[in-house]
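Heads up: the structure comes next, in structure tokens.
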């Protein structure tokens, strides 16, 4: 067992060391959120610089998310094998290196290579920080604390969007990559000095990202795990469709570019408040049922977005509540996985779940580029986008019915 996977009594208060680990994981989630979504804020500038079509920009979004798929699948089992701290430092080193190189990109093809490689680290960091947090809190607070920690992801996106809007008034787009890469390097220092060393867990003999699937699906967890995979794929497809294309959509409806960047933050602000409310409410109750309810709300609101785009104020409100339901529902996914899987395969379980979800994050922006290229009416485009959210709500409700009940406290 990893040394961070402490034998913590179910009701023990958090120690200073445990709080320190959770805060560091929160900061890493912030940097991951900023670095993952930075392209959304500079997409109009990149399109102008390189004369990219909507489809070409969608491919640029998707390639980074493709790297995150492999990063999540690979780094989860690796963290079970070599320890969370080492795996997390390796992920951040990859993020820092290739994000900084992105500032030097001279063509879309070169930037695609850098985003693909940076994505390996962006996807790999998530199972590491999820497992570190889950293993440093009492069992009865695991779901809420992992959800609260993962709030760093949309907060990082919001803060990053504000920083981007400010910097782009004086600098060109490469400075955004310099900020993102430097932030990842700073996180390496935080982890090195503030997170205690972790030893390999009981998953240390895993030989590949797929060799732990039998253990992940063991003890009756298979059906629920598959339902969570479906949930992750569908909800992240719509989440990344929204966060990637919202600034562009608002710009196409006539909003100034800098105002569009600022207004698009309403999606992530809604997600933050949604996840924060969920983390507050769940307690000992089933987080699966709450996730289904939030995603059902998200379905209804996404349907309404197309009707709101004639008014800036209505559009901001609609995007806010779409983020509240959809991103709020997405942000609890790592906590659901941490609750379902035992410590021996927790990193692999979270990594596989988020890896499948990242496949959706590739598909979403590319479909968004296709729909924009077809010049469909906004109402039709967002009615189409609401369908996967409805599927995600049904799937997570099925996961609640199919999951083994002993996993609630045993792990």
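Numbering (our numbering), first residue to last: 80 to 490. Where is the CB? At the ideal position from N, CA and C, for every residue including glycine.
Of the residues the options, the one placed nearest residue i, counting alpha carbons only
i           : options            : result
residue 385 : 421, 454, 412      : 454
residue 348 : 397, 304, 150, 255 : 397
residue 315 : 251, 402, 333, 339 : 402
residue 193 : 450, 222, 260, 161 : 260
residue 476 : 456, 415, 459, 177 : 415
residue 232 : 189, 109, 100      : 109
residue 467 : 434, 394, 313, 428 : 313
residue 389 : 439, 326, 472, 334 : 334
residue 42  : 174, 223, 158, 251 : Missing from the structure shown is residue 42; the chain here goes from 80 to 490 and no further.
residue 448 : 356, 116, 141      : 141
residue 150 : 456, 465, 438, 451 : 438
residue 345 : 394, 357, 399, 371 : 399
residue 272 : 103, 113, 114      : 103
residue 457 : 432, 474, 387      : 387
residue 474 : 409, 459, 268      : 409
residue 300 : 394, 421, 436      : 421
residue 379 : 310, 472, 342      : 472
residue 526 : 469, 440, 418      : Residue 526 is absent from the model: the chain starts at 80 and stops at 490.
residue 163 : 214, 188, 247      : 214
residue 228 : 139, 393, 478, 99  : 99
residue 440 : 97, 95, 96, 139    : 139
residue 118 : 156, 95, 257       : 257
Cβ distance (whole Å) where residue i is taken to contact residue j below 8 angstroms
i           : j           : result
residue 144 : residue 243 : Between residue 243 and residue 144 the Cβ distance is about 19 angstroms, and since that is not below 8 angstroms, they are no contact.
residue 236 : residue 317 : 16 angstroms between Cβ atoms; not a contact.
residue 373 : residue 353 : 6 angstroms
residue 168 : residue 270 : 6 angstroms
residue 101 : residue 176 : No, residue 101 and residue 176 are not in contact; Cβ-Cβ is about 27 angstroms, not under 8 angstroms.
residue 60  : residue 203 : Because the chain is modelled from 80 through 490, residue 60 falls outside the range shown and cannot be assessed.
residue 171 : residue 263 : 5 angstroms
residue 324 : residue 451 : 7 angstroms
residue 428 : residue 148 : The pair is not a contact, with the Cβ atoms about 16 angstroms apart (cut-off 8 angstroms).
residue 116 : residue 216 : No, residue 116 and residue 216 are not in contact; Cβ-Cβ is about 27 angstroms, not under 8 angstroms.
residue 114 : residue 201 : 6 angstroms
Between the CA atoms of residue j and residue i - distance to the nearest angstrom
i           : j           : result
residue 332 : residue 276 : 51 angstroms
residue 206 : residue 308 : 15 angstroms
residue 137 : residue 328 : 13 angstroms
residue 443 : residue 339 : 20 angstroms
residue 255 : residue 124 : 12 angstroms
residue 482 : residue 306 : 10 angstroms
residue 127 : residue 186 : 12 angstroms
residue 463 : residue 106 : 35 angstroms
residue 226 : residue 359 : 9 angstroms
residue 377 : residue 249 : 37 angstroms
residue 131 : residue 411 : 35 angstroms
residue 220 : residue 173 : 32 angstroms
residue 320 : residue 218 : 34 angstroms
residue 370 : residue 431 : 19 angstroms
residue 382 : residue 351 : 21 angstroms
residue 122 : residue 326 : 8 angstroms
residue 166 : residue 274 : 12 angstroms
residue 224 : residue 375 : 23 angstroms
residue 190 : residue 404 : 32 angstroms
residue 134 : residue 445 : 7 angstroms
residue 391 : residue 241 : 19 angstroms
residue 493 : residue 146 : In this structure the chain extends from 80 to 490, so residue 493 is not present and cannot be described.
residue 234 : residue 311 : 20 angstroms
residue 424 : residue 296 : 10 angstroms
residue 356 : residue 407 : 9 angstroms
residue 111 : residue 247 : 21 angstroms
residue 395 : residue 342 : 6 angstroms
residue 188 : residue 239 : 24 angstroms
residue 470 : residue 436 : 14 angstroms
Cutoff 8 angstroms: residue i Cβ touching any chain C Cβ
i           : result
residue 313 : Included in the structure is just one protein chain, with no chain C present.
- Item | Segments of 4+ residues assigned as alpha helix (DSSP H) that fall wholly inside the stretch 217–260 | 221–229, 231–246
- Task: Give a yes or no on contact between the stretch 177–186 and the stretch 195–215, applying the rule of three or more CB pairs nearer than 8 angstroms.
- Result: yes
- Item | Uninterrupted alpha helix (DSSP H) stretches inside the stretch 400–454 (no shorter than 4 residues) | 412–419, 425–453
- Could you tell me which uninterrupted alpha helix (DSSP H) segments, each at least 4 residues in length, are contained entirely in the stretch 133–184, listed from first to last along the chain? 133–161, 163–181
- Which runs of the alpha helix (DSSP H) fall wholly inside the stretch 335–397 and span at least 4 residues, in chain order? 336–361, 366–387
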